[in-house]
Amino acid sequence: MLATPGDLPKGPDWLYEVKWDGMRLLAEVVDGVLTLRSRSDRDVTPNFPELAGLVDLAPDVLLDGEVVLLDKGVPSFHALGDRMHSVVEERAALARPVTFMAFDILRLYGVPLLDRTLDERRATLERLNLTPNLALSPTYTDGQALFDATAQRGIEGVVAKRRDGIYRPGRRSEGWIKVTHRQTQACVVGGWRPENVGTARVSSSRVGALLLGVPDADGVLQYAGRVGSGLASAAAQRALRDRLVDADTQPFAERPPRPDAVGARWCEPTTVVEVVHKGWTDGGRLRQPVYRGIRDDLDVDQVHAES
Numbered sequence: 021m022l023a024t025p026g027d028l029p030k031g032p033d034w035l036y037e038v039k040w041d042g043m044r045l046l047a048e049v050v051d052g053v054l055t056l057r058s059r060s061d062r063d064v065t066p067n068f069p070e071l072a073g074l075v076d077l078a079p080d081v082l083l084d085g086e087v088v089l090l091d092k093g094v095p096s097f098h099a100l101g102d103r104m105h106s107v108v109e110e111r112a113a114l115a116r117p118v119t120f121m122a123f124d125i126l127r128l129y130g131v132p133l134l135d136r137t138l139d140e141r142r143a144t145l146e147r148l149n150l151t152p153n154l155a156l157s158p159t160y161t162d163g164q165a166l167f168d169a170t171a172q173r174g175i176e177g178v179v180a181k182r183r184d185g186i187y188r189p190g191r192r193s194e195g196w197i198k199v200t201h202r203q204t205q206a207c208v209v210g211g212w213r214p215e216n217v218g219t220a221r222v223s224s225s226r227v228g229a230l231l232l233g234v235p236d237a238d239g240v241l242q243y244a245g246r247v248g249s250g251l252a253s254a255a256a257q258r259a260l261r262d263r264l265v266d267a268d269t270q271p272f273a274e275r276p277p278r279p280d281a282v283g284a285r286w287c288e289p290t291t292v293v294e295v296v297h298k299g300w301t302d303g304g305r306l307r308q309p310v311y312r313g314i315r316d317d318l319d320v321d322q323v324h325a326e327s
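In terms of our numbering, the sequence shown opens at residue 21 and continues consecutively.
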């Protein structure tokens, strides 16, 4: 189930949780085998070997939650880095382990819990015995206080959830409302420009900017602007290098404006990235976008314009 952007609801009918800045996963145990799946249904179990202990939760269980990695005590999407994209050795994982922050339980001992209220599901979740690298996402009753506290700590925001709400897989629900301190947008990469393009220092081996698109309601890729900030690190370059598959033509509904398209190399629109930005222009372009990372947990058809 997905949260809907909105204003912070108030009242006794709501519980509030931190909006963790990590990777959304389903953790499922069946017959003693643990499987971790992303929102795009990709099996990422080998990426997080330090979560193997989740297999001891129950013979049959399905949890919804988020993998987080702390950077100076604050969950950091950047800190997850390569962990989201590739298999890692157990020794390396244990040197800086992730935590699976569980916030919902959808099945236990073969019994589906989707039609139970959030209060009922939460009570069931809290009866589980915790395993290493598993934590329960805390709930709070004062949403405004939590929102203010997350702002002070530099955390992404808050998710408000109706206590009587049932769980609807894959659907965006008014029973979950997300309120954030910054605007983020998942985008599809349709092209890229080499670093220092148009100068004597052009580097064909380094990505200097990405040309971004967001599908409209009909699935047509609309150009959303160019991002260059946030791409300089070795981790960002490494993650993107093998993802940008050359294409003969540009994939957007309309060719990007000349200042953005100069020196561009078109690529297959199959890679989803996330940017933080300061809103949208009247022409449908992102204001001052900054690259955050690849979103392997999203398929292209799951990308839409966030309000």
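Beta carbons are placed, not taken as given, at the ideal position from N, Cα and C, and that holds for glycine.
Residue i (DSSP reduced to helix, strand or coil)
{"i": "Ala47", "result": "strand"}
{"i": "Ala155", "result": "strand"}
{"i": "Thr144", "result": "helix"}
{"i": "His98", "result": "helix"}
{"i": "Val234", "result": "strand"}
{"i": "Val296", "result": "strand"}
{"i": "Glu70", "result": "helix"}
{"i": "Glu18", "result": "Given that the chain is displayed from residue 21 to residue 327, the structure contains no residue 18 and the question cannot be resolved."}
{"i": "Glu110", "result": "helix"}
{"i": "Leu150", "result": "coil"}
{"i": "Asp61", "result": "coil"}
{"i": "Leu77", "result": "coil"}
{"i": "Asp266", "result": "strand"}
{"i": "Ala325", "result": "coil"}
{"i": "Leu306", "result": "strand"}
{"i": "Val227", "result": "strand"}
{"i": "Asp319", "result": "coil"}
Neighbour-count burial assignment, residue i, 16 or more Cβ in a 10 Å radius
{"i": "Leu306", "result": "buried"}
{"i": "Thr119", "result": "buried"}
{"i": "Gly239", "result": "exposed"}
{"i": "Asp41", "result": "buried"}
{"i": "Leu231", "result": "buried"}
{"i": "Lys30", "result": "exposed"}
{"i": "Tyr129", "result": "exposed"}
{"i": "Lys92", "result": "exposed"}
{"i": "His201", "result": "exposed"}
First and last residue of the uninterrupted alpha helix (DSSP H) at residue i
{"i": "Glu86", "result": "Per DSSP, Glu86 belongs to no alpha helix (DSSP H); it is in the beta strand (DSSP E), 80 to 88."}
{"i": "Gly163", "result": "163 to 173"}
{"i": "Gln257", "result": "254 to 261"}
{"i": "Pro279", "result": "278 to 281"}
Residues that residue i bridges to, as DSSP identifies them
{"i": "Glu37", "result": "Val179"}
{"i": "Arg314", "result": "With the sequence shown as reference, residue 314 is identified as Ile, and Arg is not the correct amino acid for it. According to DSSP, Ile314 bridges with Val293."}
{"i": "Leu56", "result": "Ala47"}
{"i": "Gly9", "result": "Lying outside 21 to 327, the shown extent of the chain, residue 9 is not represented and no answer is given."}
Extent of the continuous beta strand (DSSP E) run through residue i
{"i": "His120", "result": "As written in the sequence, residue 120 is Phe, which differs from the His given in the question. Per DSSP, Phe120 belongs to the beta strand (DSSP E) from 119 to 128."}
{"i": "Arg213", "result": "203 to 215"}
{"i": "Pro25", "result": "22 to 25"}
Residue i at chain C interface by Cβ criterion, 9 Å
{"i": "Ile175", "result": "The structure shown contains no chain C; it is built from a single protein chain."}
Touching by the beta-carbon criterion (3+ pairs, under 8 Å), the region 261 to 275 and the region 202 to 213:
yes
Using 8 Å as the Cβ pair cut-off and three pairs as the minimum, do the region 41 to 51 and the region 161 to 173 touch?
no
Can you confirm whether the region 288 to 304 touches the region 234 to 254 when touching is taken to mean that 3 or more C-beta pairs between the two stretches lie within less than 8 Å?
Verdict: yes, contact present.
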